[in-house]
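Under my numbering, the first residue of the sequence shown is numbered 29, with each subsequent residue one higher. To keep things clear, I will list the structure first and then write my remarks on it.
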Amino acid sequence: MVADDTEPNRRDVLRLSGAAGLAGLAGLAGCSTTDDPATDTATEEPNGGGGGDGDDEETTADDGGDGDDGGDTGPYTIGMVDSLTGSLSAFGQRNQRGKDLALADVNEVGIGGRDLEIIVEDSESQSQAGVSAAQKLVNQDGVPFVIGAVGSGVSLAIYESVIQGTDVVQLSQNSTSPDLTDFPGLLRMSPTGSTQSTALANIIGEDGYDSVALAWVNNDYGQGLAETFREEWDGEIAYDQPHDQGQSSYSSTVSGMANSGADAWLFITYQPEFTSMAQEAYSNGYEAQFYGADSVQGSDVLDNTPEGSLDGMTIVVPSAAVDQDNYQAFASEFESEYGESPTSWSAFAYDCVVTAALSIATADEFTGAALQETVRDVTRPEGEEVFTFAEAMEVLGEDGSPDDIDYQGVSGPIDFDENGDPVGFLQILTVEDHEYVSSGTIEG
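Right under this line is the structure:
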């Protein structure tokens, strides 16, 4: 399966897909929905057929996405719920860049001569907006596969309100809360945050501290990582309090941590919230050894905190497989296109798209039920290791099965387990001269 010479070149595809993704691509036409959004299921016959026996529990969607019968030449259309705005928008931007690179790679080869399109909807980094976005994708656009979301609470709300009880596949690009392990129907590309909490407990102890002040954001992400940390930490937790997102000040959190007497402070929160805390700690002259989970790290944090105020901080983040050739090729293309290095979040989004495309390529039909049968298998270790979409399609040929391939993502081996969790890697970062420096990796 190769790209037609008359198709746009890769960079043209990338730019077109990026513009279309953020604006929201045209949805699948001919979609019917039930009155109950929580039980609606999108299906599509491979040759543009209808709903077969007319069962009211099954909805149908056209192949072409252009309002006509489409045949089998129109694009395959899936959905994505991302944080385009709100407190997690920095992650959303990284997701979009990874998604666009993956779409370009997929559409350069094609899926049986057809393109892949992704309708992107904004969760606004909030659960209710995320649910509304997913309802639109599933019930109006009729997509059988949803990538989403960033925040663990948003992903779980989407699953419980929209996906659960249907055949629609949900694959989260960035959610790390340990609580998601309890929902095996909700797949995720980034490893569970429980590995972060365990690593942080070990690192803080190895650094010689026996007392810690713990500040965590009051949602599924913060609660899950904080709970695991408590289980793994052998010392004293002198301060253990939640905080809400989007507060104008976190002075009470910072003063509480300072008054606890703990010399090690652990932040399980998001970039805007941590930035405010770090600013307030610095302005009040508080000194402590800072530690953080993945969501406190980012260029925006460094840009908005005083020079040197974070030096010595240690952060544990999910890591891509930076030593693999396919990651290095991805990173090179990313840097060429965007003028900066990718993060693991971009790599996770990239792999979500490629995994979705391979699921479609190996499914008997473009339906949620059929994709449920293939989405796990295309990354299983029983198949032949493939490192790119093009390589995978070459191995599959005209009649390959999902068991024939083991997609090794740019983020590393995926190998979804029975709980929908992937194999993962963690990277240890320290802040030196107000820059993030890698100081080691841990296999999750």
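Ideal placement from N, C-alpha and C gives every residue a C-beta, glycine not left out. Small disclaimer: the values here were computed from a predicted structure and weren't measured.
In whole angstroms, give me the CA-to-CA distance for residue i and residue j.
{"i": "ILE470", "j": "TYR464", "result": "17 Å"}
{"i": "THR407", "j": "ILE433", "result": "7 Å"}
{"i": "SER467", "j": "GLY221", "result": "19 Å"}
{"i": "ALA476", "j": "SER369", "result": "Nothing in the structure corresponds to residue 476, since the chain is present only between 29 and 472."}
{"i": "PHE318", "j": "GLY193", "result": "43 Å"}
{"i": "ASP353", "j": "GLN224", "result": "26 Å"}
{"i": "SER189", "j": "SER183", "result": "10 Å"}
{"i": "PRO346", "j": "LEU454", "result": "4 Å"}
{"i": "TYR249", "j": "GLU426", "result": "42 Å"}
{"i": "ILE265", "j": "PHE394", "result": "51 Å"}
{"i": "ALA309", "j": "THR204", "result": "27 Å"}
{"i": "SER327", "j": "GLY138", "result": "35 Å"}
{"i": "PRO212", "j": "TYR314", "result": "43 Å"}
{"i": "ALA130", "j": "GLY263", "result": "44 Å"}
{"i": "ALA384", "j": "SER115", "result": "27 Å"}
{"i": "ALA132", "j": "ARG122", "result": "16 Å"}
{"i": "THR371", "j": "GLY141", "result": "31 Å"}
{"i": "ASN447", "j": "SER323", "result": "23 Å"}
{"i": "THR113", "j": "ALA157", "result": "11 Å"}
{"i": "ALA391", "j": "GLU413", "result": "19 Å"}
{"i": "ILE442", "j": "ILE186", "result": "22 Å"}
{"i": "ALA161", "j": "GLN198", "result": "13 Å"}
{"i": "GLY176", "j": "SER311", "result": "38 Å"}
{"i": "TRP373", "j": "ILE456", "result": "15 Å"}
{"i": "SER283", "j": "VAL196", "result": "46 Å"}
Grouping DSSP H, G and I as helix and E and B as strand, with all else coil, what is residue i?
{"i": "TYR278", "result": "coil"}
{"i": "GLU234", "result": "helix"}
{"i": "GLY78", "result": "Note that GLY78 scores a pLDDT of 28, beneath 50, so its modelled location is shaky; the value from the coordinates is reported in the next line. Reduced to three states, the DSSP call for GLY78 is coil."}
{"i": "ILE388", "result": "helix"}
{"i": "THR333", "result": "coil"}
{"i": "GLN352", "result": "coil"}
{"i": "ARG408", "result": "coil"}
{"i": "GLU315", "result": "coil"}
{"i": "ALA321", "result": "coil"}
{"i": "PRO346", "result": "strand"}
{"i": "PHE444", "result": "coil"}
{"i": "SER467", "result": "strand"}
Would you decide whether residue i is buried or exposed? Buried here means 16 or more other CB atoms lie within 10 Å of its CB.
{"i": "VAL409", "result": "Looking at the sequence provided, one finds Pro at residue 409 rather than Val. Answer is exposed; the Cβ neighbour count stays below 16."}
{"i": "ASP492", "result": "Examination of residue 492 is not possible in this model, given that the chain is present from 29 through 472 alone."}
{"i": "ARG258", "result": "exposed"}
{"i": "GLY274", "result": "exposed"}
{"i": "SER360", "result": "exposed"}
{"i": "GLU363", "result": "exposed"}
{"i": "GLN400", "result": "buried"}
{"i": "PRO430", "result": "buried"}
{"i": "ASN202", "result": "buried"}
{"i": "GLU460", "result": "exposed"}
{"i": "GLY320", "result": "buried"}
{"i": "SER153", "result": "buried"}
**Request:** Count the CB pairs spanning the segment 367-381 and the segment 210-223 that are closer than 8 Å, and state whether there are at least three.
**Result:** The segment 367-381 makes contact with the segment 210-223; the number of CB pairs closer than 8 Å reaches 3 or more.
**Message:** Can you confirm whether the segment 300-317 touches the segment 270-285 when touching is taken to mean that 3 or more C-beta pairs between the two stretches lie within less than 8 Å?
**Reply:** Note that the segment 270-285 touches the segment 300-317; at least 3 beta-carbon pairs, one per stretch, sit closer than 8 Å.
**4 or more residues per run - each alpha helix (DSSP H) lying fully within the segment 196-264** = Counting only runs of 4 or more residues that sit fully inside the segment 196-264, the alpha helix (DSSP H) segments are 222-234, 248-260, in chain order.
**Asked** At a cut of 8 Å, does the segment 324-340 reach the segment 416-436 through at least three beta carbon pairs?
**Response** The segment 324-340, when compared against the segment 416-436, does not touch it at the 8 Å Cβ threshold.
**Message:** Is it the case that the segment 103-112 contacts the segment 163-173, given that we only count it when at least three CB pairs across the two stretches are under 8 Å?
**Reply:** At 8 Å Cβ cutoff, the stretches touch.
**Item:** the segment 107-123 / the segment 147-159 touching (three or more Cβ pairs under 8 Å)
**Value:** The segment 107-123, when compared against the segment 147-159, does touch it at the 8 Å Cβ threshold.
**Prompt:** When the Cβ atoms of the segment 289-297 are set against those of the segment 232-243, are three or more pairs found closer than 8 Å?
**Reply:** These segments touch.
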